[in-house]
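One structure is given here, and the rest of the page talks about it.
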Amino acid sequence: MDLNTIEAVVPTADPADFRDGDAWLAGGTVLFSYGSYAFGPRPLRRLLDLSRAGWPAVTVHDDGLELAATCTIAELYALPGSPAVTGRGWPGLELIRPCCDSFVASFKIWNVSTVGGNICTSLPAGPMTSLCAGLDAVATVIGAGGATRTVPVAELVTGDGTNALAPGELLRSVRIPASALASRVAFRRLSLSNLGRSGVLLIGRLDPRDGLALTVTASTKRPVRLSFPADSPPDAERLAAAVGQSIPAELYHDDQHGLPAWRRDMTGRLAEEIRAELLGERRPDGSVAVSGDFWDGAGRGHAVSAQPSTQRPGASRGAADPSQRKEA
Ligand SMILES: Cc1cc2nc3c(=O)[nH]c(=O)nc-3n(C[C@H](O)[C@H](O)[C@H](O)COP(=O)(O)OP(=O)(O)OC[C@H]3O[C@@H](n4cnc5c(N)ncnc54)[C@H](O)[C@@H]3O)c2cc1C
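And the structure:
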């Protein structure tokens with residue numbers, strides 16, 4: 001779509017340049033899809049282009065990972081297995097590719113759309129929100145006077161398309177702590193249709209000191225975090241009660257990607273699968289239950305292939321033929 005109200009595209013990453021009628025431009029996959037009138041009472045007049053900010057996409061520190069807001073989905077997908085993180089002992093990296101894959105879009109979109117743009121769009125099915133909230137990431141935000149503040153990504157997204165950014169504030173980066181990356185993790189995702197947008201996306205994390213953490217996204221309007229201390233892991237009943245208490249009926253999202261009642265039921269089911277998997281509980285036949293578009297029935301985990309598609313040939317939920325890919 002042409003943004004036919006735009007008068008200027010300004011290359012800047014300085015919040016002091018922001019004025020009424022401006023929008024930060026990252027990959028543009030939302031801005032150029034939704035049009036000038038979708039971002040406030042008045043049409044957009046200028047785009048402040050972040051593409052020349054020059055921020056390194058990924059910086060690996062001993063105490064964690066820093067993802068620039070401008071890191072693209074394709075750059076993030078390439079991180080696991082790269083020399084930058086080899087030997088770090090960070091099982092949490094296993095979440096990166098399933099989360100990228102949950103962003104069901106073509107390589108064209110993956111190569112331009114950004115981690116920051118996804119979080120700032122703040123859709124319930126924002127897979128970068130899921131990843132970052134699930135790994136306790138903290139966002140660094142720059143305000144107009146150059147002051148920075150930090151906010152957990154799980155709290156930055158406040159609802160369907162809403163967030164805690166003030167007008168003109170710039171998301172600079174997200175920092176994922178090494179402690180979260182060092183945890184054992186579990187991932188579940190469901191969507192109503194093959195290659196559809198996520199209707200439910202849950203991430204579990206088990207840390208010997210911090211205990212079990214469960215992050216619910218996509219089924220809820222904003223991320224919901226539940227945690228249980230290491231010395232008191234929940235059984236199925238306690239987990240179900242905690243999910244019920246933490247997520248009131250009105251917090252379940254309602255759109256064409258799933259009815260609230262379905263999202264509630266699947267949230268309960270996947271939460272229990274994650275609990276059983278991370279706490280090592282097995283079903284009577286000895287297997288560990290898994291589900292989700294990108295997981296095989298034998299529990300072997302995420303099937304990795306070159307982007308854009310990770311769907312297995314013949315899988316009931318997927319299609320290996322890229323021509324069958326739908327865009328959400
Ligand atoms: C085919 C297709 C499939 C898609 N599937 C999904 C999906 O499954 N889930 C999903 O969540 N989205 C999906 N989207 C929507 C969108 O592509 C993503 O949310 C994407 O990550 C947005 O990133 P971007 O860099 O293109 O953002 P842009 O379009 O550049 O920006 C989006 C919004 O974020 C603001 N913004 C961007 N960067 C910053 C920053 N650093 N600081 C402050 N504000 C900022 C912009 O001003 C704008 O309001 C899809 C889009 C397409 C076209």
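Each step along the sequence shown adds one to the number in UniProt numbering, with nothing skipped, and position 214 is 214.
Glycine included, each C-beta is placed from N, C-alpha and C at the ideal position.
DSSP three-state assignment for residue i, whether helix, strand or coil
i, result
"Gly134", "helix"
"Pro243", "Note that residue 243 is Val in the sequence shown, not Pro. Of the three classes helix, strand and coil, the one that applies to Val243 here is helix, per DSSP."
"Val104", "coil"
"Ala271", "helix"
"Thr220", "strand"
"Ile176", "strand"
"Ile203", "strand"
"Asp20", "coil"
"Ala249", "helix"
"Leu65", "strand"
"Ile142", "strand"
"Pro229", "coil"
"Thr86", "coil"
"Thr310", "With a pLDDT of 36 at Thr310, under the threshold of 50, the predicted position of this residue should be treated as unreliable, though the coordinate-derived value follows. DSSP places Thr310 in coil when its eight states are reduced to three."
"Thr5", "coil"
Any non-hydrogen atom of ligand 1 within 8 Å of residue i CB
i, result
"Thr114", "yes"
"Glu94", "no"
"Glu169", "yes"
"Ala74", "no"
"Arg189", "no"
"Asn111", "no"
"Leu25", "yes"
"Cys100", "no"
"Arg197", "yes"
"Ala164", "no"
"Ala125", "yes"
"Asn194", "no"
"Thr148", "no"
Reference residue i, options the options, closest by Cα
i, options, result
"Leu190", "Asp210, Ser179, Ser219", "Ser219"
"Ser33", "Leu67, Thr121, Glu94", "Thr121"
"residue 342", "Ala164, Leu79, Leu76", "Absent from the model: residue 342. The displayed extent of the chain is 1 to 328, so no value can be given."
"Leu171", "Ala147, Gly159, Arg188", "Ala147"
"Gly143", "Ala133, Ala137, Val151", "Val151"
"Gly40", "Asp49, Ala53, Asp20", "Asp20"
"Pro127", "Ala241, Ala105, Val141", "Ala105"
"Ile176", "Ile96, Trp55, Phe107", "Ile96"
"Pro223", "Gly89, Ala137, Ala38", "Ala137"
"Asp62", "Leu259, Lys221, Ala261, Gly87", "Gly87"
"Gly268", "Ile73, Leu212, Ser246", "Ser246"
"Ser113", "His253, Gly28, Leu278, Leu270", "Gly28"
"Leu131", "Thr12, Gly244, Ile203", "Ile203"
"Leu279", "Ala186, Thr12, Ala13", "Ala186"
Outcome for residue i when other beta-carbon atoms lying within 10 angstroms are tallied against a minimum of 16
i, result
"Phe18", "buried"
"Asp2", "exposed"
"Asp101", "buried"
"Val9", "exposed"
"Ser173", "buried"
"Gly134", "buried"
"Arg188", "buried"
"Lys108", "exposed"
"Ser232", "exposed"
Any C-beta of chain D under 9 Å from that of residue i
i, result
"Val216", "Although the question refers to chain D, the structure presented lacks it and comprises just one protein chain."
Close Cβ partners of residue i (< 6 Å) along its chain, the five nearest in sequence each way excluded
i, result
"Ser36", "Leu3, Thr5, Pro43, Leu44"
"Arg225", "Ala154, Thr215"
"Asn118", "Gly126, Met128"
"Asp22", "Arg46, Leu48"
"Ala178", "Asp63, Gly64"
Close-in-space but distant-in-sequence residues of the same chain around residue i (CB under 8 Å, 5 per side omitted)
i, result
"Val58", "Leu65, Glu66, Leu67, Ala68, Cys71, Glu75, Leu76, Leu79, Ala84"
"Leu25", "Val9, Leu31, Leu47, Leu48, Asp49, Leu50, Ser51"
Residues near residue i by beta carbon distance below 7 Å, same chain, minus five either side
i, result
"Ala242", "Leu226, Pro234"
"Tyr252", "Ser219, Thr220, Pro260, Arg263, Arg264"
"Leu192", "Gly199, His257, Gly258"
"Leu156", "Ile119, Ala139, Asn163, Ala164"
Proximity test, residue i beta-carbon vs ligand 3 heavy atom, cut-off 8 Å
i, result
"Ser106", "Ligands present in the displayed structure are limited to ligand 1, and ligand 3 is not among them."
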